[in-house]
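Everything below concerns the one structure shown next.
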Amino acid sequence: MISLLNIVYMINNIEKIFYKIKESVLRRNPPVFRKDEILDNDFKKFVAIFLSPRVKDSKLIFVCKRLFERVNSFKDIIKMNLDELEEILKPLGLYKVKAKRLKSVAYKIVNEYGGKIPNDLNELLKLEGVGRKIAKIILAELYNKPYVAVDTHVHRISNRIGIVKTKSISETEKILEKILPEKIKLEYNKVMVGFGQTICLPKNPKCRECPIKKYCKNGKGKNN
Ligand code: SF4
Numbered sequence: 002m003i004s005l006l007n008i009v010y011m012i013n014n015i016e017k018i019f020y021k022i023k024e025s026v027l028r029r030n031p032p033v034f035r036k037d038e039i040l041d042n043d044f045k046k047f048v049a050i051f052l053s054p055r056v057k058d059s060k061l062i063f064v065c066k067r068l069f070e071r072v073n074s075f076k077d078i079i080k081m082n083l084d085e086l087e088e089i090l091k092p093l094g095l096y097k098v099k100a101k102r103l104k105s106v107a108y109k110i111v112n113e114y115g116g117k118i119p120n121d122l123n124e125l126l127k128l129e130g131v132g133r134k135i136a137k138i139i140l141a142e143l144y145n146k147p148y149v150a151v152d153t154h155v156h157r158i159s160n161r162i163g164i165v166k167t168k169s170i171s172e173t174e175k176i177l178e179k180i181l182p183e184k185i186k187l188e189y190n191k192v193m194v195g196f197g198q199t200i201c202l203p204k205n206p207k208c209r210e211c212p213i214k215k216y217c218k219n220g221k222g223k224n225n
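All letters in the sequence shown, in the order written, are residues 2 to 225 by our numbering.
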């Protein structure tokens, strides 16, 4: 059980804790970081983030590699035959919806935003298929805007390590936006997803290898 005192302690030490996690995660090069190797421009980053919900990073990397052999701009997406796009996106699941939405977003970015990906939260939310989490990751990763993107994994890990004690994603998001230093906000989503992929696994977290085990109340007594 995490006490209020423990939460306060964790918040006061958040920078130290975060950078210990980050260092450990980078050494393990999890899929969430590996995908950066194929995302060498903002178009590719946007497309990968847009397609990422409910998709494993390893599968996303596979699909993006195939897609980027065929397209390198939103104009290319508009020109691409829908059947071909669906075929490439098929391994992702919901591929018909994703293909249709990607074409719609490409059309809008080219025709309403002059080909430039919007750098404003409200404008991004106007794009079909872009929700708050996606919009915030885009703003953080493409424009260095200090937003915290919270999904089920970030919500789960933030509660597990004891930075927050919340029941919903939206509650976690509100608190993290308040307590995290700006430089940490930019990387928080990615580092925590990587932490969840390598050490603080959903089931059987590897507490023995954990760089923050001495801070984490939930890790006490675990020998995995
Ligand atoms: S000690 Fe265990 S539960 Fe706590 S953050 Fe580390 S891996 Fe996760």
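The beta carbon of each residue, even a glycine, is placed where N, CA and C say it ideally should be. None of these values were measured; they are calculated from a predicted model.
If you draw a straight line from the Cα of S171 to the Cα of N160, it comes to about 13 Å. Linking K215 to C208 through their CA atoms gives a straight-line distance of about 10 Å.
In the DSSP assignment, E188 falls within the unbroken alpha helix (DSSP H) covering 183-199. DSSP, reduced to helix, strand and coil, places T173 within a helical segment of the structure shown. For E87, the enclosing alpha helix (DSSP H) covers residues 83-90. Residues I200, P212 of the same chain have their beta carbon placed closer than 7 Å to that of S25, with the five preceding and five following residues left out of the count. Between the ligand SF4 and the CB of I162, the shortest heavy atom gap is smaller than 8 Å.
The beta carbons of V149 and K191 sit no closer together than 9 Å.
With a threshold of 16 other beta carbon atoms within 10 Å, E174 meets it and is buried.
Ranking G195, R55, I50, K204 by CA distance to the CA of V106 puts I50 first. Boundaries cannot be given for P203, as no alpha helix (DSSP H) includes it and DSSP labels it neither H nor E.
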